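Q: Position in the sequence shown (from 1) plus 12 gives the number in our numbering. We put the beta carbon where it would ideally sit given N, CA and C, even for glycine. Given the structure is predicted, the values throughout are model-derived calculations rather than measurements. Have a look at the structure that comes next, please.
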Amino acid sequence: MADQDAFDEIIQAFRDEALELLNGLSDAMLKIEKKPSDDEQAQLINLAFRYAHNIKGAAASLGLFRVEKLIHSLEDIFSAVKKTEISFSVELADTIFSVLDLLLTMIRETDSNLIEIEPQDQEVVDTLNRITSSEQTSAESLEDQRRETPKTAQADQSQATSSRQSNQHSVEEEYTDSIVRVSKKKLDTMMGQLGELVEMKIRMEEILIRITEVEDDLRRREKPGFELPHKPLRQLARGMEHDITYLSKLLKEIQTELLELRMVPVHSIFPILQRTVRDVSRIRGLAVDLRLEGGQIELDRKIVEEIKNPLIHLLRNAVDHGIEPVSLRKKLGKSETGDIHLKVSHRGSSIQLEIIDDGRGIDSRKVYDRAVELGMLKPSAGIPSSSDIYRLLFVAGMTTSTTTDMISGRGVGMSEVKKAMESVRGSISIESEEGKGTRFVISLPLSMTTDIGLFVSTQGTKFVIPRAAVLQVLALKEQKITNTNGFSSLLYDGIHIPLTVLEPTLHLRTFLPDADRTNSLAIVLSSAESMAAIVVDDVEAEVEIVIRTLGTFFEQQEIISGMTISASGDIYFVLNPADLVRIATTPASPSNHVTENSSTACINLKPSRDTVVLVVDDSATSRILNQKLLSASGFRVILANDGRQALEVLRNQICHLILTDVQMPQMDGYELTKIVKQDPHLASIPVILLTALDAREDRERGIQSGADAYLIKRELTQQELVTTIEQLI
């Protein structure tokens with residue numbers, strides 16, 4: 013087992029290095045295609061040859077002969093180009109890129125058979141060999157030409173070679189950095205441990221506050237001649253305060269160093285973005301130039317990984333839907349080559365990405381007609397503003413393409429782009445001018461681990477809103493509220509912005525002024541799309557929080573971006589400001605700012621306060637998360653730690669459904685289900701087993717115990733759970 017673990021670690025190291033080298037190789041090819049000077053092209057070919065040689069050597073040492081064979085043939089191509097035996101062309105680049113794609117796929121799947129040469133691999137090798145042999149000029153002929161070259165010309169050539177060698181270091185510095193590789197898994201583990209330490213510090217601060225309060229209380233109660241023990245408490249508090257200060261300093265230093273390890277420059281994904289524009293342009297027969305700016309800016313590795321595919325999709329769209337054919341651009345007085353500009357820049361505590369093209373822009377009327385055709389809008393509602401129409405592009409199923417192919421027309425891409433941006437707590441907006449071009453603006457946090465959050469409360473329920481999205485907190489009674497057709501707004505900075513109420517069930521409803529809400533607060537939020545004001549009862553604190561992800565189980569609850577644990581150990585949902593703003597600004601009925609066809613943060617389930625769900629789980633975190641989820645869906649929730657406690661509850665409380673984990677101490681979910689189903693007084697209660705056990709024998713055992721449903725946690729979405737409950741009760 014130890015040997016296998018060591019081998020797996022070596023394979024992972026090979027994968028990381030090989031993918032990095034292939035990325036650099038692709039980047040070199042793209043730069044050669046732009047026809048640089050002879051000196052720079054020679055240096056780029058040298059670099060590509062060296063990258064290929066390094067991959068070949070590593071693959072050979074591990075016995076990965078499929079990779080070795082392919083990369084060796086590619087190495088021969090670079091060697092022939094390097095010796096000017098064959099010339100570099102766009103067609104040759106197409107072949108090289110197709111081989112790079114095959115290698116990328118193979119290396120990403122290093123657990124598959126990479127030892128024996130496959131027939132399709134040999135076909136690729138034969139193709140590369142034919143290119144090398146068919147275009148080569150004989151070595152003897154080249155040698156004859158060199159002999160006939162005058163000595164003065166040979167001297168000039170020697171001088172040029174010397175010049176190239178002297179410039180070699182500066183060129184290679186552009187493509188190669190000093191790199192220390194650290195496993196992403198190890199980094200994620202360390203960040204998780206850091207989060208635990210930050211939470212411990214927060215709890216220590218809470219204890220310090222309590223000690224100080226007790227010390228103050230004892231001091232107030234002290235009477236002459238009767239001294240209460242408040243001085244030792246004061247000394248304890250001072251010692252704790254010193255320790256917390258020192259711990260905070262250490263945590264800040266460790267956090268900074270770990271974040272730096274996790275940070276990668278945005279230009280690490282530039283080659284694949286350039287490749288995307290190149291390939292789509294070639295397929296569509298378009299002339300397009302991609303300008304890249306700000307690649308040295310660094311982001312959390314996880315964010316960079318998450319935004320790579322959305323950026324690829326946006327660039328494909330910019331080429332396919334935006335850039336016009338050369339003939340049309342000439343008629344319009346535009347340059348023959350379309351321009352796409354990807355710009356990365358700092359914006360305060362966040363990073364902004366802009367994708368700007370000088371193409372045809374978005375036809376708002378066409379989008380509107382398509383939305384009506386798909387049932388997203390009603391014709392009688394009138395034509396919305398351009399910004400509202402642009403938001404429709406992010407709804408699943410929306411496409412204006414009349415044909416479907418490998419590049420576009422399926423209507424799923426933009427909704428996935430938006431979902432991916434929001435998964436990293438980012439936002440995206442669109443600006444466009446028909447005939448002039450389109451601009452996508454993406455706002456992203458620098459990191460996804462820690463943040464400053466505002467604890468807010470509404471009707472006794474607490475949530476957290478990231479501080480960076482809060483423009484201002486206003487006293488509602490001091491604001492001028494406007495009501496038009498059942499919708500409310502307030503004047504902020506000279507602009508009327510939507511005003512809605514945050515409900516404990518995570519619904520947003522229209523604010524209607526009444527005497528009970530005069531002491532409420534309005535939190536003004538901003539996103540890349542717009543602004544909105546959310547009414548809450550109170551803003552309780554501004555604290556440092558550690559944000560934890562919730563996984564696919566809460567996928568449909570878009571208004572939630574994560575959770576955090578308070579100093580007292582309570583779990584609170586962290587709300588997504590972009591969702592809050594979008595829902596608040598979405599035209600809908602006066603009772604709810606979410607249309608049926610729009611992306612909704614609410615579960616389509618009418619609250620039923622008479623429906624009681626018994627949640628059984630030995631994990632406190634799972635119990636609280638399920639409680640909040642089901643409460644937000646309108647159910648009453650009762651909690652139990654294990655099967656035995658659940659039976660005690662069932663003897664004293666009417667429950668309409670049981671949602672239970674399987675693996676628990678005292679009594680597991682299987683045994684609990686059997687007892688419930690064998691009891692004539694309880695047998696009619698539906699039982700759902702919610703577990704991580706996904707083996708067939710586990711499922712069969714669950715069904716045999718009498719469970720009405722067996723659901724796998726990692727495969728389950730929130731909506732699917734609610735739908736299952738609806739079907740059973």
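So, with DSSP's three-state summary, where would you put ASP370?
A: Three-state result, ASP370: coil.
Q: Over what stretch of residues does the alpha helix (DSSP H) that includes GLU348 continue unbroken?
A: Neither: GLU348 is in no alpha helix (DSSP H) and is coded neither H nor E.
Q: Where does MET543 fall in DSSP's three states?
A: Note: MET543 maps to strand in three-state DSSP.
Q: In its own chain, which residues sit with a C-beta less than 7 Å from the C-beta of GLN177, not counting the 5 before and 5 after it?
A: Bear in mind that the predicted position of GLN177 carries a pLDDT of just 38, short of 50, making it unreliable; the figure below should be weighed with that in mind. The answer is none, since no qualifying residue turns up.
Q: The beta strand (DSSP E) with SER501 in it runs from where to where?
A: Segment 499-504, the beta strand (DSSP E) holding SER501.
Q: Would you list, in sequence order, the uninterrupted alpha helix (DSSP H) runs of no fewer than 4 residues that lie entirely inside the stretch 287-340?
A: With a minimum length of 4 residues, the continuous alpha helix (DSSP H) runs that stay inside the stretch 287-340 are 313-329.
Q: If we call anything under 8 Å between Cβ atoms a contact, is MET676 one with ASP630?
A: Yes, the Cβ-Cβ distance between MET676 and ASP630 is below 8 Å.
Q: Between the alpha carbons of GLY681 and ASP673, how many angstroms are there, rounded?
A: Going from the Cα of GLY681 to the Cα of ASP673 covers about 6 Å.
Q: With a threshold of 8 Å, are at least 3 pairs of Cβ atoms found where one atom belongs to the stretch 549-558 and the other to the stretch 457-472?
A: Result yes; three or more Cβ-Cβ pairs closer than 8 Å.
Q: Pull the bridge partners of VAL624 from the DSSP assignment, please.
A: VAL624 pairs with ARG648.
Q: If you follow the beta strand (DSSP E) that MET118 is part of, which residue opens it and which one closes it?
A: Segment 102-120 is the alpha helix (DSSP H) holding MET118; no beta strand (DSSP E) there.
Q: Roughly how many whole angstroms lie between the Cα atoms of GLU208 and ILE572?
A: Rounded to the nearest angstrom, the two C-alpha atoms are 21 Å apart.
Q: Provide the residue span of the beta strand (DSSP E) that contains ASP381, from first to last.
A: It is not in any beta strand (DSSP E) - ASP381 instead sits in the alpha helix (DSSP H) that spans 376-385.
Q: With PRO589 as the anchor, note down where its alpha helix (DSSP H) starts and where it stops.
A: PRO589 -> alpha helix (DSSP H) spans 589-596.
Q: Would the stretch 89-102 count as touching the stretch 48-62 if we require 3 or more Cβ pairs under 8 Å?
A: Because the criterion of three Cβ pairs below 8 Å is met, the stretch 89-102 and the stretch 48-62 touch.
Q: Pairing CB atoms from the stretch 706-726 with CB atoms from the stretch 683-696, are three or more of them under 8 Å?
A: Counting Cβ pairs under 8 Å, three or more are found: they touch.
Q: Express the C-alpha separation of GLY506 and SER376 in angstroms, rounding to a whole number.
A: So the alpha carbons of these two residues sit roughly 27 Å apart.
Q: Does the stretch 294-302 come close enough to the stretch 258-269 to have 3 or more Cβ pairs within less than 8 Å?
A: Not touching, per the Cβ criterion.
Q: Considering only C-alpha positions, which residue in the set GLU318, ARG403, ILE442 and PRO478 is nearest to GLU554?
A: Measuring from the Cα of GLU554, the nearest candidate turns out to be PRO478.
Q: Which word fits VAL356, buried or exposed, when buried means at least 16 other C-beta atoms lie within 10 angstroms of its C-beta?
A: VAL356 is buried by the Cβ-count criterion.
Q: Starting from the N-terminal side, write out each stretch of the alpha helix (DSSP H) that is 4 residues or longer and does not extend beyond the stretch 46-89.
A: Within the stretch 46-89, the complete alpha helix (DSSP H) runs of at least 4 residues are 50-73.
Q: Would you call the stretch 437-446 in contact with the stretch 514-524, where contact means no fewer than 3 C-beta pairs closer than 8 Å?
A: As far as the Cβ criterion goes, the stretch 437-446 does not touch the stretch 514-524, which means the pair count is below three.
Q: Which term fits ASN329, buried or exposed, when burial requires 16 or more other beta carbons within 10 angstroms of its beta carbon?
A: Result: buried.
Q: In the DSSP assignment, find the unbroken beta strand (DSSP E) run with LYS474 in it and report its ends.
A: Here the beta strand (DSSP E) through LYS474 covers 473-478.
Q: Can you tell me whether ASN638 is buried or exposed? The criterion is at least 16 other CB atoms within 10 Å of its CB, across all chains shown.
A: Buried, since its Cβ has 16 or more Cβ neighbours within 10 Å.
Q: If we ignore side chains and look at the alpha-carbon of each, how far apart do TYR258 and GLU225 end up?
A: Whole-angstrom Cα-Cα distance: 22 Å.
Q: Would a C-beta distance cut-off of 8 Å place ASN141 and SER101 closer than the cut-off?
A: Cβ distance not < 8 Å, so ASN141 and SER101 don't count as in contact.
Q: I need the DSSP call for ILE401, collapsed to helix, strand or coil.
A: Correct three-state label for ILE401: helix.
Q: Could one say the Cβ of ILE724 lies closer than 8 Å to chain C's Cβ atoms, at least one of them?
A: Of the protein chains in the structure, only one exists, and it is not chain C.
Q: What first and last residue would you give for the beta strand (DSSP E) that runs through LEU553?
A: A small correction: the amino acid at residue 553 is Ala; Leu does not occupy that position in the sequence shown. Unbroken beta strand (DSSP E) run through ALA553: 550-558.
Q: Look up MET252 in the DSSP assignment and say whether it is helix, strand or coil.
A: Three-state result, MET252: helix.
Q: Excluding the five sequence neighbours on either side, which residues of its own chain have a C-beta within less than 6 Å of the C-beta of LEU514, listed in chain order?
A: Cβ neighbours of LEU514 beyond the five flanking positions: THR470, ILE546 and VAL548.
Q: Quick one: using the 10 Å Cβ neighbour count with 16 as the cut-off for buried, is GLN739 buried or exposed?
A: Burial call: exposed.
Q: Going by DSSP, what residue range makes up the beta strand (DSSP E) through GLN484?
A: GLN484 -> beta strand (DSSP E) spans 482-487.
Q: Looking at the secondary structure, which residues open and close the beta strand (DSSP E) in which GLU443 lies?
A: Counting along the chain, the beta strand (DSSP E) containing GLU443 begins and ends at 439-445.
Q: Contact defined as beta carbons within less than 8 Å: I believe MET410 pairs with ALA383. What is the distance between those atoms, to the nearest angstrom?
A: Right, their Cβ atoms sit about 7 Å apart.
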